[in-house]
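Numbering (my numbering), first residue to last: -16 to 299.
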């Protein structure tokens, strides 16, 4: 099926090509990954992978057969020091090329300078450098994703605290934008905030995936409720929606991990289409798609966590 948007037809090859972590299954070698989660692709089509199970971030140049560790230990050691990570999950870059990593088990966001490597110390820019967790506004609890706007503000899905927080540049305390800490299943009660993105056309609202609510929300800052809720595609509800992205046309894409598929929600649509990950539950073509990103040609990359690989789906 072609999906028509802004006069453009979008369709991807349903067969993915392995571009990272495809040699020998999961492992610690430079050509392997272990539970890769969120991913990022820059303007040069260089792929960055939160290699969660190996406690490192891997840089994978287009066409390379091995990755290079740009944060954490290339041998997979975890820790609380400035050069180590413990289950990195989310990733983003600012306009100066600094890399931001949500250091999930260390309850912090670490910033690394351009051209970082295994000996580069990260700077704690949100949360505690001592890795303390908490619910006060100067602390985080198992942050999953981070996004940086043009003014270097950080937006963080603070999953353990059931909230989304904003940290201004050089701030030592964050401000709560969305709070679900009282629990509940209502639309205005987020439960497990996971992936997030700032919308393409404004900096006053975000898209947010929620694992427990099995939904993606469009949520204005300061609002008590979401304005739009996305839950369905092909008559099947999302299950563990993870990383979310937008294309240049404003369409929304969701890695629907437990349903083993990637979804596309066209502009103004609230029911999605499956674009990759077809197959039956007994013979899925994806194991656990968690991370998604586009390159400069709108080819789609998917991190398949359970199968320890990243696949590339060519735009047709």
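Just so you know, even glycine gets a beta-carbon here, dropped at the ideal spot from N, CA and C.
Short check: CB of residue i to CB of residue j, under 8 Å?
i           : j           : result
residue 227 : residue 180 : yes
residue 285 : residue 272 : yes
residue 54  : residue 40  : yes
residue 301 : residue 198 : The chain is shown only over -16 to 299; residue 301 falls outside these bounds and no answer can be derived.
residue 153 : residue 175 : no
residue 21  : residue 74  : yes
residue 144 : residue 164 : yes
residue 216 : residue 178 : no
residue 118 : residue 127 : no
residue 277 : residue 24  : yes
residue 296 : residue 59  : no
residue 301 : residue 101 : Because the chain is modelled from -16 through 299, residue 301 falls outside the range shown and cannot be assessed.
Given that a residue counts as buried once 16 or more other Cβ atoms are within 10 Å of its Cβ, and exposed if not, what is residue i?
i           : result
residue 79  : exposed
residue 52  : buried
residue 2   : buried
residue 72  : buried
residue 97  : exposed
residue 218 : exposed
residue 280 : exposed
residue 315 : In this structure the chain extends from -16 to 299, so residue 315 is not present and cannot be described.
residue 67  : buried
residue 259 : buried
residue 299 : exposed
residue 106 : exposed
residue 113 : exposed
residue 156 : exposed
residue 250 : exposed
residue -6  : exposed
residue 288 : buried
residue 85  : buried
residue -8  : exposed
residue 207 : exposed
residue 300 : Nothing about residue 300 can be reported from this structure: the residues present for the chain run from -16 to 299 only.
If I measure Cβ to Cβ from residue i and keep anything under 7 Å in the same chain, skipping five residues before and after, which residues do I get?
i           : result
residue 111 : 90, 91 and 122
residue 187 : 203 and 204
residue 70  : 35, 38, 87 and 88
residue 42  : 29, 31, 50, 51 and 53
Give me, in chain order, the residues of the same chain whose beta-carbon lies closer than 6 Å to that of residue i; leave out the 5 immediate sequence neighbours on both sides.
i           : result
residue 160 : 147, 149 and 204
residue 9   : 17 and 291
residue 82  : 76 and 95
residue 151 : 136
residue -10 : The predicted position of residue -10 is uncertain, since its pLDDT is 43 and thus under 50; no value can be drawn from it.
residue 104 : 65 and 66
residue 49  : 13 and 14
residue 269 : 243, 260 and 287
residue 191 : 176, 179, 200 and 202
What first and last residue would you give for the beta strand (DSSP E) that runs through residue i?
i           : result
residue 198 : 198 to 203
residue 106 : 106 to 110
residue 79  : Looking at the DSSP string, residue 79 is not in any beta strand (DSSP E), and its letter there is neither H nor E.
residue 51  : 51 to 55
residue 33  : 30 to 34
residue 225 : 224 to 229
residue 275 : 272 to 277
residue 135 : Neither: residue 135 is in no beta strand (DSSP E) and is coded neither H nor E.
residue 40  : 39 to 43
residue 130 : 126 to 131
residue 284 : 283 to 287
residue 176 : 176 to 181
residue 247 : 244 to 248
Using a Cβ cut-off of 8 Å (strictly closer), state whether residue i contacts chain B.
i           : result
residue 208 : In the structure shown, chain B does not exist; there is a single protein chain.
Under 7 Å from any heavy atom of the ligand GDP, does the C-beta of residue i make it?
i          : result
residue 35 : This structure does not include the ligand GDP; it has no bound ligands of any sort.
| said: Counting beta carbon pairs with one atom in the stretch 29 to 36 and one in the stretch 228 to 238, are three or more of them shorter than 8 Å? | reply: no
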